[in-house]
Ligand SMILES: Cc1ncc(COP(=O)(O)O)c(C=O)c1O
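Residue numbers (our numbering): 6 to 157.
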């Protein structure tokens with residue numbers, strides 16, 4: 006929401022408690038950028054139809070895997086389907102840290118680079134005369150967003 010995004014909620018299936026895939030399409034508008042399935046209570050969301058809807062509508066898929074660590078969908082680990090997968094390591098989560106912590110994972114090298122830069126307040130490391138230096142670089146997010154990253 007720091008970047009002006011508006012979450013649009015899609016109800017859950019009353020039996021699985023996962024996002025109701027039959028209700029996703031009607032929630033998509035020309036402004037929609039991504040689908041965020043939440044693998045809730047250690048159970049996987051229905052990833053195949055979600056990926057299909059995302060592909061048809063040119064949307065990214067961001068998996069919320071905070072409660073899904075270790076879960077599988079059709080033999081494949083949750084968190085390995087989307088463009089990005091997010092994890093919370095808050096002490097009450099499946100894998101709790103000592104205090105607030107989290108992680109984002111991706112297989113996309115360009116997204117990984119952007120996320121590493123967000124982690125370090127939009128700086129990137131450059132090799133200068135044999136030493137790694139932190140250098141302010143291409144600014145693609147507001148300072149507000151950069152400030153939120155370590156807090157989330
Ligand atoms: C599924 C899920 N995603 C995200 C979060 C948010 O995690 P955090 O408090 O570390 O930002 C929670 C916290 O309850 C959660 O249960």
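Even for Gly, the Cβ is constructed at its ideal location relative to N, Cα and C. Just so we're clear, the structure is a prediction, and the values are computed from it rather than from any experiment.
List the endpoints of the continuous alpha helix (DSSP H) containing residue i.
i	result
residue 57	52-61
residue 21	Unbroken run through residue 21: none, as it is neither H nor E.
Grab me the residues of residue i's own chain with a C-beta within less than 7 Å of its C-beta, minus the 5 sequence neighbours each way, in chain order.
i	result
residue 101	94 and 95
residue 51	23 and 26
residue 97	none
Just to confirm my understanding: we take residue i, look at its own chain, exclude 5 residues before and 5 after, and list those with CB closer than 8 Å. What are they?
i	result
residue 64	33, 37, 38, 39, 40 and 58
Considering just the uninterrupted stretch of the beta strand (DSSP E) at residue i, what are its terminal residues?
i	result
residue 191	Coverage of the chain is limited to positions 6 through 157, which leaves residue 191 absent and any answer about it impossible.
residue 67	65-69
residue 109	107-110
Is there at least one non-hydrogen atom of ligand 1 closer than 7 Å to the beta-carbon of residue i?
i	result
residue 71	yes
residue 45	yes
residue 35	no
residue 86	no
residue 90	no
residue 103	no
Within the same chain, show all residues whose beta-carbon is closer than 6 Å to that of residue i, passing over the 5 residues directly before and after it, in chain order.
i	result
residue 110	90
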